[in-house]
Amino acid sequence: MNKPQSFFHLHLISDATGETLLAAGRAASAQYKDARAIEHIYPLIRTEKQVAKVFEDIEEEPGIILYTVVDQKLARGIDERCAAMGLPCVSVLEPVLTVFQSYLGTPAGRRVGAQHVLDAEYFRRIDALNFTMDHDDGQLPLNMDDADVVLIGISRTSKTPTSIYLANRGIKTANIPIVLGVPVPESLVAAKTPLVVGLIATAERISHVRQNRILGNSSSYVPTDYVDRAAINEELAYARQICTRHGWPMIDVSRRSIEETAAAIVALRGKSR
């Protein structure tokens, strides 16, 4: 018998955007299926006055505190307040910085928001995002050689969210839908630069996702070939034929998260270079 789900407060204090903390907190929370975190995010916390305001909120809803604050005086203040309140807190970056310092023999520079500097890497990611949005769902198919990755697949195989995730890592990604009986663009077949990857899934998975999409957009649901599993199997067979004919690798996304699919694509890129 399943245990009833419990809830706890998770306070995330950051001197930058809080993205690192949010990822760490959610990764840890995911290990506890019977407990759900109520997240409180406090970004850009850089003064003692701001810390004091944060702890006013924490006093009302106490819980676990995670923080990434490079200013050591502020960090000590957070530790002391947590100890006084009897609440657990962890500096997420400090153990990592300690290892880096031990190995490199040099203390960290302690620059607030250093990972968000407007450098070449930042603008590369913005460029990739712009490219990906411009080339979503088969748009602008003529310049496929400008892409790093092209994702193809039938409807509801997570092409767009995977493309956006890859773009956030600086990978220019286009995606093109496969429609039964319709050949892929000749510009894609002729492209030499991009890694082309076919995304597939089980007919059951795709039918389920498509049904939810229809139900979410319409009050009256009438079954069509769009959700018929036999019809979906035909679409999938056609997609596999295209990928096999051109030697393009395929990834089954049925049981993969977007992050896992993206990681598999990045690994394929490494092998293809």
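Going by my numbering, the first residue of the sequence shown is number -13, and it counts up by one from there. Ideal Cβ positions, reconstructed from N, Cα and C, are used throughout, including at glycine. Every value quoted in this text rests on a predicted model; they were computed, and no experiment measured them.
Item                                                                                                                                      : Value
Backbone secondary structure at GLY139 - three-state DSSP                                                                                 : strand
Simplified DSSP state of TYR274, which is helix, strand or coil                                                                           : With the chain covering only -13 through 259, there is no way to say anything about residue 274.
Residue from TYR28, ASP20, LEU254, ASN161 whose Cα sits closest to the Cα of THR3                                                         : TYR28
Residue environment, TYR18, which counts as buried when at least 16 other CB atoms sit within 10 Å                                        : exposed
Which of helix, strand or coil DSSP assigns to ASP123                                                                                     : helix
Chain-order list of residues whose beta-carbon lies under 6 angstroms from that of ILE192 (same chain, five-residue window excluded)      : ARG142, ILE218
Contacts around ARG215, its chain only, beta-carbon distance under 6 angstroms, and the 5 residues preceding and following it disregarded : ALA189, SER193
SER149, buried or exposed, once every other Cβ within 10 Å from all chains shown has been counted against 16                              : buried
Bounding residues of the alpha helix (DSSP H) (the contiguous stretch that carries GLY63)                                                 : 58 to 71
Proximity winner among ALA225, ILE64, VAL136, VAL182, relative to PHE41 (alpha-carbon distances)                                          : ILE64
Spatial neighbours of THR54 in its chain, beta-carbon cut-off 6 angstroms, leaving aside the 5 residues before and after                  : SER0, THR6, LEU7, VAL78, LEU79
N- and C-terminal bounds of the beta strand (DSSP E) containing VAL37                                                                     : Element bounds for VAL37: not the beta strand (DSSP E) but the alpha helix (DSSP H), 34 to 46.
Three-state secondary structure (DSSP) of ASP238                                                                                          : strand
Inter-residue spacing [alpha-carbon to alpha-carbon] between ASP132 and HIS121                                                            : 11 angstroms
Neighbour-count burial assignment, LYS59, 16 or more Cβ in a 10 Å radius                                                                  : exposed
Bridge partners - CYS75, DSSP secondary structure assignment                                                                              : ILE51
Candidates VAL136, SER88, MET119, SER15: closest to MET236 by CA position                                                                 : VAL136
THR3: CB within 6 angstroms of a non-hydrogen atom of the ligand FMN                                                                      : Questions concerning the ligand FMN fall outside what the structure shown contains, since it holds no ligand whatsoever.
Rounded straight-line distance, which links the Cα of LEU115 to that of ALA69                                                             : 43 angstroms
Backbone secondary structure at ASN198 - three-state DSSP                                                                                 : helix
Residue range of the beta strand (DSSP E) that includes LEU254                                                                            : LEU254 -> not in any beta strand (DSSP E); alpha helix (DSSP H) instead, spanning 244 to 258.
Neighbour-count burial assignment, THR33, 16 or more Cβ in a 10 Å radius                                                                  : exposed
Option in VAL213, LEU185, ILE162 with minimal Cα separation from VAL175                                                                   : ILE162
Buried/exposed call for PRO81, threshold 16 Cβ in 10 Å                                                                                    : exposed
Straight-line Cα distance separating ALA61 from GLN125                                                                                    : 49 angstroms
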